[in-house]
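Participant: So the sequences go chain by chain: D and E. Per our numbering: the first sequence = residues 186 to 852. Per our numbering: the second sequence = residues 587 to 1025. Think of the CB as a built atom: it goes at the ideal place given N, C-alpha and C, for glycine as much as any other residue. Remember, it's a predicted structure, so these values are computed and weren't measured experimentally. Right, I'll just put the structure down here and ask away after.
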Amino acid sequence: MRWILLFGVVGCGGGGGGADAGLDAATADPGRVVLHRLNRAEYNNTVRDLFGTALRPADRFPSDDFGLGFDNQAHVLSLSPLHIEQYDQAADELLDELFAVGFIPTATQTIEAEGPDVTADNGAVWDLTGWVLWTEGALSGDVWLDQSGDYTLQVDAYGLQGGDEPVQMAVIVDGVEVDVHDVEAEASEAFSARLSLDAGMHTVSMAFLNDYKDPALGIDRNLVVDRFALTGPLEVPRTPPAGRGLVLTCDPAVVGEGVCVAQITRDFGLRAWRRPLSEAEVATKLQHYTTARGLGGDWNEGVRAVLRSLLLSPHFIYRGTPNPLVGVGRTLNGHELASRLSYFIWSSTPDDRLLQLAATDALTDPAVLDAEARRMLTDPRATALIDNLAGQWLGIRKIEEAQPAASLYPEFDEGLRASMKREAELFVQGILLADRSALELMSAPETWVDQRLAAHYGIAVPDGPGMHRVEVPDRIGLMSKSGLLAALSYPTRTSPVVRGKWVLENLMCTPPPPPPPGVEGLPAQQSDTAMSLRETMEQHRSDPVCAACHVKMDAAGFALEPFDALGRARTLDDYGFPIDATGTWGEGGPAFDGPTELAAVLVEDPAFPTCIASKTFTYALGRPPTDTDDAFLAEIEAAFATADHRFTDLVVAIVQSRAFREQGVTP
Amino acid sequence: MSWSRRQLLLRGAGVALALPVLRSALPRASWAAAPESAGRFLAFYVPNGIQMPWFTPTTEGAGFALPDILRSLEGIEEHVSVLTGFANLQAEQQSSGDHARGTGSFLTCSPIRHTAGNDIENGVSVDQAIAQAKGHETLLPSLQVGIQPGGNTGDCTAGYSCAYTRNIAWASPTTPLPNITDPQVLFDRMFGVDVGLDPDKRALRKQLRASILDEVATEATSLQTRLGLDDKAKLDEYLTAVREVEVRVSALGGGGCEPGERPPSATLAHAEHVETMTDLMVLALQCDLTRVATFMLGPGASNQTYDFIGVPAAHHQISHHQGNEKNLDDLVRIASWEVEQYARLVTRLAESPMEDGSLLDSSLVYFGSEISDGDSHHHRDLPVLLAGGANGAHLSGVHRRFAEDRPIAELYLWMLHALGVEAESFGADGLTPLTGMDS
Chain D
186 MRWILLFGVV GCGGGGGGAD AGLDAATADP GRVVLHRLNR AEYNNTVRDL FGTALRPADR
246 FPSDDFGLGF DNQAHVLSLS PLHIEQYDQA ADELLDELFA VGFIPTATQT IEAEGPDVTA
306 DNGAVWDLTG WVLWTEGALS GDVWLDQSGD YTLQVDAYGL QGGDEPVQMA VIVDGVEVDV
366 HDVEAEASEA FSARLSLDAG MHTVSMAFLN DYKDPALGID RNLVVDRFAL TGPLEVPRTP
426 PAGRGLVLTC DPAVVGEGVC VAQITRDFGL RAWRRPLSEA EVATKLQHYT TARGLGGDWN
486 EGVRAVLRSL LLSPHFIYRG TPNPLVGVGR TLNGHELASR LSYFIWSSTP DDRLLQLAAT
546 DALTDPAVLD AEARRMLTDP RATALIDNLA GQWLGIRKIE EAQPAASLYP EFDEGLRASM
606 KREAELFVQG ILLADRSALE LMSAPETWVD QRLAAHYGIA VPDGPGMHRV EVPDRIGLMS
666 KSGLLAALSY PTRTSPVVRG KWVLENLMCT PPPPPPPGVE GLPAQQSDTA MSLRETMEQH
726 RSDPVCAACH VKMDAAGFAL EPFDALGRAR TLDDYGFPID ATGTWGEGGP AFDGPTELAA
786 VLVEDPAFPT CIASKTFTYA LGRPPTDTDD AFLAEIEAAF ATADHRFTDL VVAIVQSRAF
846 REQGVTP
Chain E
587 MSWSRRQLLL RGAGVALALP VLRSALPRAS WAAAPESAGR FLAFYVPNGI QMPWFTPTTE
647 GAGFALPDIL RSLEGIEEHV SVLTGFANLQ AEQQSSGDHA RGTGSFLTCS PIRHTAGNDI
707 ENGVSVDQAI AQAKGHETLL PSLQVGIQPG GNTGDCTAGY SCAYTRNIAW ASPTTPLPNI
767 TDPQVLFDRM FGVDVGLDPD KRALRKQLRA SILDEVATEA TSLQTRLGLD DKAKLDEYLT
827 AVREVEVRVS ALGGGGCEPG ERPPSATLAH AEHVETMTDL MVLALQCDLT RVATFMLGPG
887 ASNQTYDFIG VPAAHHQISH HQGNEKNLDD LVRIASWEVE QYARLVTRLA ESPMEDGSLL
947 DSSLVYFGSE ISDGDSHHHR DLPVLLAGGA NGAHLSGVHR RFAEDRPIAE LYLWMLHALG
1007 VEAESFGADG LTPLTGMDS
């Protein structure tokens, strides 16, 4: 296989990069992006802006195909029958809400009896999945409800029977007895009740009423609770979304039904398809209205049919610019440019202002383009760049996937995870969307903590709820963020290789090639004496075939060892040995000791700003840079450097580039 | 202790799929009226391999003692065969990426293309070969069910596209079929979303839906004529998808199965999630909504943790056990739990009565993984369990040992024949089907 043969010869990583003086940004081919399916985040944001809804139908769509580090790469995203069914269903859900049909969806909160969120008067975990009450007493859990309304409370329980009576259980809510049940089954049975509850905190208890033992006969009656769940609020009628008026732009009673549905078709069509519909297209869509009325449906059903057809159309599902069959490349028109801009900066559909500018082709004027991009970066929707670009490139989404072993790290729970994620988001946002150098991602001294995270870091706990800006000694830059460090560890220990590889891939854009076969995992401990992690991995450095790639990867990873698998500071590694966090950045390169010094070295590496530019380019266009893009990247990087590496200026430089504003012919 | 049938159903209930679904969904006559020769296929995939020393029975033939990992087959031994000696050499290469190759070719036995981009290439999987021949007989040609949707951060292994580790069902060499991982979504797929509407409205929506799908397909076709090749290919995907849904939609509204309560879309712990999804698959088979299904307990190289059975470390991580006893012990525990989930599913099918016999009698329920030993990424001596009678084509309850490195594609070829699908070969190396499987 290729990698093995080239291993020692080519060495490690090293992307294409770098400017090629031979190509000119004014004449180079701007490249092509294939028809671009909306991904899940884009779909959700788009319907949010089209309907003013809080619904997120795409949360149920299949996972997006993922390539080159992003889930928005046009050539990788595919479409299956499941997607079409889901789009259809999403349209139904959105239209139900628009016409205030039916009830709002219910939510269920489940508390497991064997889990951490309950208290009990007596007993123990039973059969891994339940809690047994040995004697009379209760198991309780608290649930927070956002809304008042009717709820279904379901308790799953069973009995360890004995004696004359079946096990008896009382269900108590907020101190008031709701039900008393005979729990006859010996395997989990459901007991339901419908309750009226206000928003706020509620305590649900399951009480064992009739303990009985007869040791002589070997009889012991006990109650086992599996879980309880609250579902609701039930049958709360929907209210139309905030954006109802944006979609139903006329009143049929005033202008006439036929006129109104045609107007709605044009208005919604323009916003949904991101361009005006032709008269022929409008006429085709209106056929659905006619059909619906002909089948006996009312005006609402007719409009629904039209809107649904607009949402299922390839013109909605795919954004992007159909490429000409033959001929040379072309400049994108106003609407195409508006769409690229808004999906880059907002991961959403163009707003009315962009559509207006698009209609007059004003967007093709560089001054207007510059102004619009800057306006969009200050809009709240620009946080999509943090959720999606930074979320993937800088590992913020990875924090969702961290799985520290509960037995070794009992202090980790979803609350801590949420705080860690928020810390990373605010940190990155505070640099990328502010008037600062993007290089500070590596070196900025501040971070954001709430009370939970402050305790986790062992620093003074701030007053009051929410996130507070603080500076923590020896924690600078992105690489010191606890959430990221936890995500880049194994469940039971840290991994310098995982951390080092991530740094190389995402911050330097020099991903190491895969390991040769047969070397995954640590070697079995050879000698009698236990070794530190660093000693165990010594082969990475002593064997020249390994060293080619591991020299930088391990150095970075070991420099981060002073942070444990939850990102806490420490001096001993997971095997109990003192940590050696020294290293050099490449053979004969600058030396460092620990994470702060590592950050100080990496921030000087020219690969870092090049990587920022390259990653953002890939995300912005939905395709990776190829060799012909070298000229554009050189131009973009120069503008980035001139602007003291402000991220907002990088965005503008990319948007102004011909690679963004034009569509070439070479695939 | 003898269990009443109701108690067994109760014991099997998952949290999201509360009891009402099972009670009221006792299948109607619809599936009992299915043609006698109808066969069912279900593939149950587990990631990261199985430790064969604790899986392989020491004797061949019937009446073998159950090794550690197979303990939960106690009580259903007659229904399950252990088949050993198979290899999937299409996945074997002297380079990294065994999980991508193994999982990618798990049901295709085709060499996969080494790419992380959009030019993925594989073969047609055995379940899709069955679905393409027989799937038109049921509402859903096939179902793809899973647990992990697959994160969208980090890469998949060794320069291979994530498509290879996340999917085992491939409708064509370039079309993987994504898994449904949300119980509510699976329920809706099985029973349709208009379930709650009054009949008039349902009929209206059904007709409108059909005409809308037809119109957008026309739209796509006319758009295609003006496009270059790669854009055309994208719209081809769209058109194929719309056409398939159109066929489904026109059939929807039939069936006689009572769906029961729609499960809430709650986040479930791993064990409950697996239970819920397997219950729904059994329901789909009982209601004859489909006769072909695949299930992925996790993606290839899954790093699922198993805290709830006392194994906190990540699965893929410890599958590189390096001979460490603790790791091996943990792996045996995980594998035992995986087989327990399979056993539960087989039991439920065995207890679903049909005209003469059970649903299991007309099925083949296949359990396997992309490799055997996880440390060496071994593509030989693969773990295989096979349950079900396939209408007499399969005699279960036996340990059959096949000649070393017998291509597993030949097991799949035999499966195709057993389920009434004509095929001369399967995959890259499936030329001679197995013989003697019925005795």
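In this structure, how does DSSP classify threonine 416(D) when only helix, strand and coil are distinguished?
Facilitator: Strand at threonine 416(D).
Participant: Residues in the same chain with beta-carbon distance under 6 Å from glycine 202(D), minus the five sequence neighbours each way, listed in chain order, please.
Facilitator: The pLDDT assigned to glycine 202(D) is 44, lower than 50, so where the model puts this residue is not dependable; a value taken from the coordinates is nonetheless given after this. For glycine 202(D), where only same-chain residues beyond five positions count, the Cβ hits under 6 Å are Thr795.
Participant: Helix, strand or coil for phenylalanine 630(E)? Go by DSSP, reduced to three states.
Facilitator: Strand.
Participant: Is valine 356(D) close to chain E, meaning its C-beta is less than 7 Å from at least one C-beta of that chain?
Facilitator: Chain E contact via Cβ: absent.
Participant: Beta-carbon of leucine 220(D) versus every beta-carbon of chain E: anything under 7 Å?
Facilitator: Yes, its Cβ sits closer than 7 Å to a Cβ of chain E.
Participant: Look at the alpha carbon of glycine 884(E) and the alpha carbon of glycine 635(E), and state the distance between them as a whole number of angstroms.
Facilitator: Between glycine 884(E) and glycine 635(E), the C-alpha separation is close to 12 Å.
Participant: For proline 595(D), list the residues DSSP reports as bridge partners.
Facilitator: Answer is none; proline 595(D) lacks a bridge partner.
Participant: Taking Cβ-Cβ distances shorter than 7 Å, what residues in chain E pair up with alanine 490(D)?
Facilitator: Those are Leu794 and Ile798, listed as they occur along chain E.
Participant: So which residues on chain D does arginine 934(E) lean against when the C-beta distance must stay under 8 Å?
Facilitator: Near arginine 934(E) there are no residues of chain D at all, since even the closest Cβ is about 14 Å away, more than 8 Å.
Participant: Is the Cβ-Cβ distance between glycine 519(D) and leucine 548(D) less than 7 Å?
Facilitator: Cβ atoms of glycine 519(D) and leucine 548(D): closer than 7 Å.
Participant: Quick check: is the beta carbon of isoleucine 296(D) nearer than 7 Å to any beta carbon in chain E?
Facilitator: It does not; no Cβ of chain E falls within 7 Å.
Participant: Give a yes or no on whether the minimum CB-CB distance between glutamate 610(D) and chain E is below 7 Å.
Facilitator: Taking Cβ atoms only, chain E never reaches closer than 7 Å to glutamate 610(D), which makes this a no.
Participant: Report the residues of the stretch 470 to 486 of chain D with a CB closer than 9 Å to any CB of chain C, ordered along the chain.
Facilitator: No chain C is present in this structure, whose protein chains are D and E.
Participant: Going by C-alpha distance, which of Arg406(D), Ser333(D) and Leu718(D) is nearest glutamine 346(D)?
Facilitator: With distances taken between Cα atoms, glutamine 346(D) lies closest to Arg406(D).
Participant: Check the Cβ of glutamine 676(E) against every Cβ in chain D and list those closer than 7 Å, keeping chain order.
Facilitator: In chain order: nothing, as chain D lies at least about 15 Å away.
Participant: Buried or exposed for threonine 751(E), please, with buried defined as at least 16 other CB atoms from any protein chain shown within 10 angstroms of its CB.
Facilitator: Its Cβ being crowded by 16 or more others within 10 Å, threonine 751(E) is buried.
Participant: Taking 7 Å as the threshold (beta carbon to beta carbon), is valine 340(D) in contact with chain E?
Facilitator: No, because no Cβ of chain E sits closer than 7 Å to the Cβ of valine 340(D).
Participant: Please determine if the stretch 427 to 434 of chain D and the stretch 305 to 319 of chain D are in contact, where contact requires at least 3 C-beta pairs separated by less than 8 Å.
Facilitator: With the cut-off at 8 Å, the stretch 427 to 434 of chain D and the stretch 305 to 319 of chain D do not touch.
Participant: Is the CB of serine 799(D) under 7 Å away from at least one CB in chain E?
Facilitator: With 7 Å as the cut-off, serine 799(D) does not count as an interface residue toward chain E.
Participant: Chain D beta carbons: is any one of them nearer than 7 Å to that of valine 802(E)?
Facilitator: It does: the Cβ of valine 802(E) has a partner Cβ on chain D nearer than 7 Å.
Participant: What are the residues that DSSP puts in a beta bridge with histidine 985(E)?
Facilitator: Gly647(E) and Val668(E).
Participant: Take glutamate 369(D) as the anchor and find which of Gly360(D), Leu380(D), Asp659(D) and Val410(D) has the nearest alpha-carbon.
Facilitator: Ranking the options by Cα distance to glutamate 369(D), first place goes to Val410(D).
Participant: Is glutamate 854(D) close to chain E, meaning its C-beta is less than 7 Å from at least one C-beta of that chain?
Facilitator: As displayed, chain D neither begins before 186 nor continues past 852, which places residue 854(D) out of reach and without an answer.
Participant: Roughly how many angstroms separate the alpha carbons of leucine 262(D) and phenylalanine 251(D), rounded to a whole number?
Facilitator: About 7 Å.
Participant: Please report whether the beta-carbon of proline 898(E) lies at a distance below 7 Å from any beta-carbon of chain D.
Facilitator: Proline 898(E) counts as touching chain D.
Participant: Checking 7 Å against the spacing of the C-beta atoms, do serine 1026(E) and alanine 744(E) come in under that value?
Facilitator: As displayed, chain E neither begins before 587 nor continues past 1025, which places residue 1026(E) out of reach and without an answer.
Participant: Any Cβ of chain E within less than 7 Å of the Cβ of threonine 677(D)?
Facilitator: At least one chain E Cβ lies under 7 Å of threonine 677(D).
Participant: With a cut-off of 8 Å on the beta carbons, I'd call glycine 661(E) and serine 949(E) a contact; round off their distance for me.
Facilitator: No, glycine 661(E) and serine 949(E) are not in contact; Cβ-Cβ is about 18 Å, not under 8 Å.
Participant: In chain E, which residues lie less than 8 Å from alanine 590(D) when you measure between Cβ atoms?
Facilitator: Correct list: Thr891, Asp893, Pro898 and Ala899.
Participant: Using a Cβ-Cβ distance under 7 Å, would tyrosine 824(E) count as near chain D?
Facilitator: Chain D, which has a Cβ nearer than 7 Å to the Cβ of tyrosine 824(E), makes this yes.
Participant: Measure the alpha-carbon distance for arginine 566(D) versus phenylalanine 529(D) and round it to whole angstroms.
Facilitator: Each residue's alpha carbon lies about 11 Å from the other.
Participant: Would you mind telling me which residues of chain D sit closer than 9 Å to aspartate 959(E), beta carbon to beta carbon, in chain order?
Facilitator: Going along chain D, no residue has its Cβ under 9 Å from aspartate 959(E), so there is no contact; the nearest lies around 12 Å.
Participant: Can you confirm whether alanine 744(E), when its beta carbon is compared against all beta carbons of chain D, has any partner nearer than 7 Å?
Facilitator: Interface residue, yes.
Participant: Beta-carbon separation of threonine 670(E) and alanine 755(E) under 7 Å?
Facilitator: Not a contact, by the Cβ cut-off of 7 Å.
Participant: Which of the three DSSP states is assigned to glutamine 353(D) in this structure?
Facilitator: Strand, per DSSP.
Participant: Label glutamate 858(E) either buried or exposed according to how many other C-beta atoms from any shown protein chain fall within 10 Å of its C-beta, with 16 as the threshold for buried.
Facilitator: Label assigned to glutamate 858(E): buried.
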